[in-house]
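Participant:
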Amino acid sequence: EVQLLESGGGLVQPGGSLRLSCAASGFTFSNYAMSWVRQAPGKGLEWVSGISGSGYTTYYADSVKGRFTISRDNSKNTLHLQMSSLRADDTAVYYCAKDIRNLDTFDIWGQGTLVTVSS
Amino acid sequence: QSALTQPASVSGSPGQSITISCTGTSNDVGDYNYVSWYQQHPGKAPKLMIYDVSDRPSGVSNRFSGSKSGNTASLTISGLQSEDEADYYCSSYTSSDTLVFGGGTKLTVL
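Just so you know, the protein sequences line up as chains Y and R, in that order.
All residue numbers for the first sequence refer to the working numbering, where the first residue is 88 and numbers rise by one.
All residue numbers for the second sequence refer to the working numbering, where the first residue is 9 and numbers rise by one.
1) Would Cys54/R count as contacting chain Y if we go by Cβ distances under 7 Å?
2) On a Cα-Cα basis, can you pick out the residue from Ser77/R, Leu107/R, Glu93/R, Gln47/R that is closest to Ala84/Y?
3) Cβ of Ser103/R less than 7 Å from any chain Y Cβ?
4) Which same chain residues end up closer than 6 Å to Pro65/R when comparing Cβ atoms and leaving out the 5 residues on each side of it in sequence?
5) For chain A, is any of its Cβ atoms less than 7 Å away from the one on Gly131/Y?
6) Taking three-plus beta-carbon pairs below 8 Å as touching, is the region 73 to 93 of chain R in contact with the region 20 to 29 of chain R?
7) In the structure shown, what three-state DSSP assignment does Asp149/Y receive?
8) Taking the continuous beta strand (DSSP E) assigned at Thr113/R, which residues delimit it?
9) In chain order, what residues of the same chain lie with their CB nearer than 7 Å to the CB of Gly102/Y, ignoring the 5 residues before and after it?
10) So if DSSP puts Arg159/Y in a beta bridge, which residue, or which two residues, is it bridged to?
11) Could you work out which residues of chain R lie near Ile187/Y, taking near to mean beta carbons separated by less than 8 Å?
12) Assuming the contact rule is C-beta atoms closer than 8 Å, Val61/R and Gly74/R should be a hit. Round their C-beta distance to whole Å, please.
13) Which residue or residues does DSSP assign as beta-bridge partners of Ile138/Y?
14) Relative to the C-alpha of Gln90/Y, which residue among Pro128/Y, Thr200/Y, Leu168/Y, Ala110/Y is closest?
15) So, for Ile157/Y: in the same chain, excluding its five sequence neighbours on each side, which residues have a beta-carbon less than 6 Å away from its beta-carbon?
16) Answer with yes or no whether the minimum CB distance from Phe109/R to chain Y is below 7 Å.
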């Protein structure tokens, strides 16, 4: 069964850092680009960052560029999102998502992990 | 990158058809056929319903269809059923090598 399982969410103070992880199973992880998508409470979906299957190419939304870093470990079938200089408006459920190609269509989503930025 | 424009809400009775629009620009919807639609029930992860403007993933009902004209994409749901009540989001690849979502549309089945 194809599955994505996020972890690492929690409560963090403004200006703090947090690292999210996404464990993938049931497919050849290195063959697919992956992305992080977030959803603030009661709000819509926002694409955050994407990474190619090899990990060599990364993409970021303007809202997180310079603060977030996406990476992957293909030997461990794991996707990461390192978040720093966190702000209140980064509060959201963060989903990892598997792309069918490269940064355009997500066919598999995790259950999400909640990040709350508050003092 | 501004969000794609969707109506905040649409409604329809069981058995009817509804259409949700998704308006972008020539830098996203208008220039690429990488438009997708996602269904999201409360408290659940999004589910892919349509990709590449009009293709359906395996297992998605043929009551769901997609189309595009110029800078506007559309999702049509025919034979509306109670389980179709959910939030729907469009997305598009952009010329900036990013992806943009629409603001979301709440579908109410009356």
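The C-beta atom is built at its ideal place from N, Cα and C for all residues, glycine as well.
Facilitator: In terms of the structure at hand:
1) Note that residue 54/R is Pro in the sequence shown, not Cys. It does: the Cβ of Pro54/R has a partner Cβ on chain Y nearer than 7 Å.
2) Residue 84/Y cannot be examined here, being either before or after the span of chain Y that is shown, 88 to 206.
3) no
4) Contacts found: Leu56.
5) Considering every chain present, this structure includes no chain A. Its protein chains are Y and R.
6) Segments in contact, yes.
7) coil
8) Looking at the DSSP string, the run of the beta strand (DSSP E) that includes Thr113/R is 113 to 117.
9) Ser172, Leu173
10) Leu166/Y
11) Chain R residues near Ile187/Y: Tyr59.
12) 5 Å
13) Under DSSP, Ile138/Y takes part in a beta bridge, and its partners are Met121/Y, Thr145/Y.
14) Ala110/Y
15) Ser136, Ile138, Thr145, Leu168
16) yes
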